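Below you'll find the structure, written out as structure tokens, and then a few comments.
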Amino acid sequence: MERFIADLVQGLDSGQIDRREFCKTVALAAAVYGAGDAAQAQAQRGFKIIGINHMSYTCPDYTKARDWYASVLNMKSEATRDDGKRANLMFGPEPGKGGSFLVTRSPSSVASGSAGAKSGSEAVIDHICYTIPNWDEARVRATLKAKGLDVTGRDGSLHVYDPFDYDVQIASAAVENAFRR
Amino acid sequence: MEGFVAKQVHDYQNGKISRRGLIEILTLAATTAYAGRNADAAEQSGLDATLVNHVSYTCPDFRRAADWYSMVFNLDQVGATARDVALPFGKKGEKPYGVTVDDVPLTHIICRTRSLDASAGNGPPRRKANAVIDHIAVTVADFDRERAKAQLTAMGVKNVRDGGPFSVYVNDPFGYEIQIGGLRVTAICGAETRATCSDNR
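Chains as they are written, first to last, in my numbering: chain B, 2 to 182; chain L, 11 to 211.
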């Protein structure tokens, strides 16, 4: 900025621009500079993220996925939102108080405003990991086995596949924690 | 219990499980039943998923993705390796929003660059899924759609579009769709309340 104004002053001194033009240019430069600062400050203020609201899971048969997640992960299907094409499966805190949900949907069900499964994304969510509190290794493994699931992974961090071969990870707080990687 | 055993026997007789597998399953079921958790209960009561622990996001350039998520959602990057980095939804020591129990860590995104058939849990290569998480919605504090759109545009985020009155959709640098909304977007919004509660998910 200083250099820019110095050049303007030189132009004024040498008669290349008149006083009126000089004043207008400096005022405009100050306004642009201020706006730039504001824009930059705004850009640095990202959102305060609270949590995952929901995940949209598209598969050939949403009922099969619905029943699996309800059975294995105790998610609760909201009956009023099951319209024959999709279901909302709640878990965690209460709705509106930090709770999340998994939307299992058939390909014909696409959220308004969303490109759905045909988004052409180069990125993939290759698995979701869920936290199980009060982790008891023997109980978790026995529960999964009783559901007929093949379990891989290590103690405190297990993997199974859902009915559509989607990788589902189940973990304890002690083993899967961003700050202990 | 009987129904459960019958199903296992059926699977065994049809070659779906081995003899040893049958024995293991029935032994586990029987001992669990003895401990007061019968197999019927085991069939009906699964594990209590309390929160998303992490979302595993695989893309061609994890650093680029991580920088974008850091910018848009004010997320720190921790535990970086040559192929991935974690972005927790808060600072160390903070508790997840709405969670009362102690042993539930902050949700985080892991941005990765790796093969899609990378091993799942030290097992064989990951199977090719016949399902997809086509978008993820995040809840942010003090959400206001018009303000959010202006904020996103100021951050240089492209293709910002409405997701009903209470959310917006954007695409990240790799075209992955992210929905951003507030606490009012819930699983229980019914047809009668759609005027006041987003139904765009």
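Note that the Cβ used here is the ideal one computed from N, Cα and C, for glycine as well. Remember, predicted model here, so these are calculated numbers, not experimental data.
According to DSSP, is residue i part of a helix, a strand, or is it coil?
{"i": "D8/B", "result": "helix"}
{"i": "M81/L", "result": "helix"}
{"i": "L97/L", "result": "strand"}
{"i": "R122/L", "result": "strand"}
{"i": "E187/L", "result": "strand"}
{"i": "K119/B", "result": "helix"}
{"i": "K146/B", "result": "helix"}
{"i": "K105/L", "result": "coil"}
{"i": "F180/B", "result": "helix"}
{"i": "S72/B", "result": "helix"}
{"i": "R67/B", "result": "helix"}
{"i": "A139/B", "result": "helix"}
{"i": "D127/B", "result": "strand"}
{"i": "N48/L", "result": "Residue placement at N48/L cannot be trusted, given a pLDDT of 43 that sits under 50; what the coordinates show is reported in the next sentence. Looking at N48/L - three-state DSSP - the assignment turns out to be coil, as it is neither helix nor strand."}
{"i": "A39/B", "result": "Its pLDDT being 48, under 50, A39/B is placed unreliably in this model, and the coordinates cannot settle the point."}
{"i": "K168/L", "result": "coil"}
{"i": "T163/L", "result": "helix"}
{"i": "V161/B", "result": "strand"}
{"i": "Y167/B", "result": "coil"}
{"i": "F72/L", "result": "helix"}
{"i": "T26/B", "result": "helix"}
In angstroms, rounded to a whole number, what distance separates the CA positions of residue i and residue j?
{"i": "I27/L", "j": "H64/L", "result": "32 Å"}
{"i": "D163/B", "j": "R181/B", "result": "28 Å"}
{"i": "R93/L", "j": "R122/L", "result": "6 Å"}
{"i": "P61/B", "j": "A139/L", "result": "11 Å"}
{"i": "D113/L", "j": "V141/B", "result": "16 Å"}
{"i": "A172/B", "j": "L159/B", "result": "6 Å"}
{"i": "K49/B", "j": "T64/B", "result": "34 Å"}
{"i": "T91/L", "j": "G185/L", "result": "24 Å"}
{"i": "D127/B", "j": "Y79/L", "result": "17 Å"}
{"i": "V111/B", "j": "V27/B", "result": "53 Å"}
{"i": "E95/B", "j": "N24/L", "result": "43 Å"}
{"i": "K168/L", "j": "D154/L", "result": "18 Å"}
{"i": "G85/B", "j": "A197/L", "result": "16 Å"}
{"i": "V95/L", "j": "L145/B", "result": "29 Å"}
{"i": "N84/L", "j": "G103/L", "result": "17 Å"}
{"i": "Y67/L", "j": "E187/L", "result": "12 Å"}
{"i": "V161/B", "j": "A164/L", "result": "42 Å"}
{"i": "A75/L", "j": "V88/L", "result": "14 Å"}
{"i": "A42/B", "j": "K159/L", "result": "Residue placement at A42/B cannot be trusted, given a pLDDT of 47 that sits under 50; what the coordinates show is reported in the next sentence. Straight-line Cα distance between these residues: approximately 16 Å."}
{"i": "L36/L", "j": "Q18/L", "result": "8 Å"}
{"i": "R155/B", "j": "N132/L", "result": "8 Å"}
Is residue i buried or exposed, if buried means 16 or more other CB atoms sit within 10 Å of its CB?
{"i": "S122/B", "result": "buried"}
{"i": "Q161/L", "result": "buried"}
{"i": "G200/L", "result": "Here the model assigns G200/L a pLDDT of 48, short of 50, so the residue's position is not dependable and the matter cannot be decided."}
{"i": "G52/B", "result": "buried"}
{"i": "C69/L", "result": "buried"}
{"i": "I33/L", "result": "exposed"}
{"i": "V82/L", "result": "buried"}
{"i": "D182/L", "result": "buried"}
{"i": "K105/L", "result": "exposed"}
{"i": "R82/B", "result": "buried"}
{"i": "H20/L", "result": "exposed"}
{"i": "A98/L", "result": "The question names Ala, but residue 98/L in the sequence shown is Pro. It is buried - the Cβ of P98/L has at least 16 other Cβ atoms within 10 Å."}
{"i": "C130/B", "result": "buried"}
If you compare alpha carbons, which of the options is closest to residue i?
{"i": "S125/L", "options": "D71/L, P115/L, W78/L, H145/L", "result": "D71/L"}
{"i": "N236/B", "options": "G100/L, A164/L, H145/L, K168/L", "result": "Outside the displayed span of chain B (2 to 182) sits residue 236/B, for which this structure offers no information."}
{"i": "Y70/B", "options": "D84/B, A179/B, A88/B", "result": "A88/B"}
{"i": "G157/B", "options": "V176/B, V169/B, T59/B", "result": "V176/B"}
{"i": "T149/L", "options": "S177/L, L97/L, L32/L, R137/L", "result": "S177/L"}
{"i": "D257/B", "options": "Y67/L, K168/L, R137/L", "result": "With chain B covering 2 to 182 only, the question about residue 257/B has no answer from this structure."}
{"i": "S57/B", "options": "A147/B, K119/B, V27/B, A179/B", "result": "K119/B"}
{"i": "S101/B", "options": "P108/B, G114/B, S78/B", "result": "S78/B"}
{"i": "V104/B", "options": "S115/B, K98/B, L90/B", "result": "L90/B"}
{"i": "T132/B", "options": "G131/L, T117/L, P134/L, A128/L", "result": "T117/L"}
{"i": "A151/L", "options": "A128/L, D58/L, V195/L", "result": "V195/L"}
Against residue i, what residues of chain L qualify as contacts under a CB-to-CB distance less than 9 Å, listed in chain order?
{"i": "L159/B", "result": "G131"}
{"i": "G99/B", "result": "L61, P106, Y107, G108, V109, T149, L193"}
{"i": "T153/B", "result": "S129, A130, G131, N132, G133, P134"}
{"i": "S115/B", "result": "D144, H145, G173, Y179, E187, Q189, N210, R211"}
Using a cut-off of 8 Å between C-beta atoms, extract the partners of residue i located in chain L.
{"i": "E138/B", "result": "Residues of chain L passing the Cβ test: none, with the nearest at roughly 12 Å."}
{"i": "D166/B", "result": "R137, K138, A139, N140, A141"}
{"i": "L74/B", "result": "G56, L57, D58, A59"}
{"i": "K86/B", "result": "Residues of chain L passing the Cβ test: none, with the nearest at roughly 13 Å."}
So which residues of chain B does residue i contact, with C-beta pairs closer than 9 Å?
{"i": "V19/L", "result": "Correct list: empty, because the minimum Cβ distance to chain B is about 13 Å."}
{"i": "S92/L", "result": "The question names Ser, but residue 92/L is Ala in the sequence shown. Near A92/L there are no residues of chain B at all, since even the closest Cβ is about 13 Å away, more than 9 Å."}
{"i": "P175/L", "result": "Under the 9 Å cutoff, chain B gives no residues; its nearest Cβ is about 11 Å from P175/L."}
Just to make sure I have the definition right: I need the residues of chain B whose C-beta is within less than 8 Å of the C-beta of residue i. Which are they?
{"i": "I188/L", "result": "Going along chain B, no residue has its Cβ under 8 Å from I188/L, so there is no contact; the nearest lies around 10 Å."}
{"i": "A75/L", "result": "A124"}
{"i": "S28/L", "result": "The contacting residues do not exist; S28/L stays about 12 Å from chain B at best."}
Can you confirm whether residue i, when its beta carbon is compared against all beta carbons of chain A, has any partner nearer than 8 Å?
{"i": "R82/B", "result": "Annotation note: the requested chain A is absent from the structure, which comprises protein chains B and L."}
So which residues of chain L does residue i contact, with C-beta pairs closer than 7 Å?
{"i": "S57/B", "result": "I143, D144, H145, R211"}
Quick one: which chain B residues come within Cβ less than 7 Å of residue i?
{"i": "T117/L", "result": "G52, I53"}
I want to check one thing, is the minimum distance from the CB of residue i to the heavy atoms of the ligand COA below 7 Å?
{"i": "G99/B", "result": "Ligands displayed in this structure: none; no statement on the ligand COA is therefore possible."}
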